[in-house]
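Residues in the sequence shown are numbered from 5 upward in steps of one, following the numbering used here.
Data first, discussion second: the structure below is written as structure tokens.
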Amino acid sequence: MSLLKLALPKNGEAVLINQKRDALTLTVDGFSIVTFDRAGRWIGAFLDGKNYKRGIDNRVMEKWAYRNDDGAKIRQRRDLGDDEKKALAERLYGLAGHVRNAMQQGEALVVDQPAADPATWDGAIAWLGRVSTWNDERLAEERERFLQVYKPITILPPDQYLALVLQITEGCTYNRCTFCDFYRDRPFRVKPIPEVQNHISQVKDLLRNRLGLRHVIFLADANALVAPTDYLVEVFQLINQSFDLTPSDLAASEIAAWRETHPHWFRGIYSFLDVFTGHHKRVEDFAVLRELGLQRVYVGLETGDPALLTFLNKPGSIEQARDLIHTLHGAGVHVGIIVLVGAGGDQFAGAHVENTALVLNSLNLGRDDLVYLSEFVEHPGSEYAQRAARAGIRPLSKGEMRDQMEEMRARFRFDPQNRPKVAPYDIQEFIY
Ligand code: SF4
């Protein structure tokens, strides 16, 4: 990391340029912040009290928060339209151009001497030069490039938002849970190995010079690990040949040095798996994949209440869920369990809380496992919404969902010395 602190006396501005290996962050007067990748695309920003995030597919999400009359923090987000994206890009690139011009025309004073060396200055000028080659039109073309490589990435677990996604399968094998519309636009298919090979090359090309921002590999779409083990072994071997996966036999003390010499290192491979598809695999199957880098599998448990599962039309029993987690743990693979807080509204609330806590408490979850509490999102017109209306179910309010989340947490009885991380999961904040 190298920091450059500048004063632009003409406008009385203070500028901070923070260069890391894979990202440059520019801060003007402490309140306007923008981050660019190595090639010069803007990837994140903070302006006028709002956060902006731009995905690889050139989607831009605006996020902000405020306190309501009761003092509760309300988080809001929305996608920007094309004109708004254009205006934002012009503003961000204008900011970078303004600083670069001031530096080139001798109107920027370095204020933290002797900390900044000439290489830091030259590096910043060169980086801002790359930034100056971008505009809204060029960013929009990125979406086309993205769609030549991927079907839209509709969801990832929160700790995987910065993953390198490999879409080795498309869609969901089932696609009929009443609440889920993530993959309704595509049939399920497993890509043949030559296509996976080609996909890996395309992904590497697309993400060239921004690979260093990503340190985990996620296999998409909904349940990629349902594919036969022999096929998965071939895929995992290809991944190992194509990317620098941190060797599993390194001692903890050796990992930092190894990663220093492998700037595009990856921690391992991650994926979703549903209970009804996962329970066909044995410990030995997952153990082979573990050897080849599989670290954690995310399982959509949704609820521990069998009646609610039926209402959601989600296949797989609670017993199968227990078996699957047990099998994964037996193979040394960690799990991320996803629970739908608020599913089933007022009618299922009591049983949902009680049974979900009972199931989670029985899974022997440890510190390398995760529990995600995801606020239920009801899509108007969905099969879930129609069923709920017929059953007279009242959806929980935001406040009631927060209460339900707290009730669940209060019932969790994990080993205090080895407890899993429990975190909220807002699927509406997902952007890739
Ligand atoms: S919840 Fe999972 S299994 Fe159900 S339709 Fe969605 S992706 Fe498929």
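Cβ coordinates follow ideal geometry from the N, Cα and C atoms, glycine included.
Query, Result
"Collapsed DSSP secondary structure at Q23 in the structure displayed", "strand"
"Whole-angstrom distance between S6 and L12, CA atom to CA atom", "19 Å"
"Nearest to D327 (by Cα), restricted to the options V303, A43, K318 and A123", "V303"
"Length of the line joining the Cα atoms of L369 and G85", "42 Å"
"Separation of T177 from F192, as counted between CA atoms", "5 Å"
"Short Cβ contact (8 Å threshold) for V301 with S275", "yes"
"Per DSSP, the bridge partner or partners of K402", "According to DSSP, which records beta bridges pairwise, K402 is partnered with nothing at all."
"Beta carbon proximity, Q23 to chain D, threshold 8 Å", "The structure shown has no chain D; it contains just one protein chain."
"For Y436, three-class secondary structure by DSSP", "coil"
"Reduced DSSP secondary structure (H/G/I, E/B, other) of M107", "helix"
"Residue closest to L332, alpha-carbon to alpha-carbon, out of R190, V292, K89 and A347", "V292"
"F186: CB within 7 Å of a non-hydrogen atom of ligand 1", "yes"
"Coarse secondary structure for Q80, derived from DSSP in three states", "strand"
"Euclidean distance between Cα positions of I221 and L296", "12 Å"
"Same chain only: Cβ atoms within 6 Å of R263, ignoring 5 sequence neighbours per side", "W269"
"Residue closest to H266, alpha-carbon to alpha-carbon, out of D278, F40 and L249", "L249"
"Residue from L254, L20, I197 and R180 with nearest C-alpha to L232", "Here residue 232 is Pro; the residue named in the question, Leu, does not match the sequence. For the residues L254, L20, I197 and R180, the minimum Cα distance to P232 belongs to I197."
"Endpoints, the beta strand (DSSP E) within which G340 is located", "H338 to V345"
"Three-way DSSP call (helix, strand, coil) for I172 in this model", "coil"
"Proximity test, N422 beta-carbon vs ligand 1 heavy atom, cut-off 7 Å", "no"
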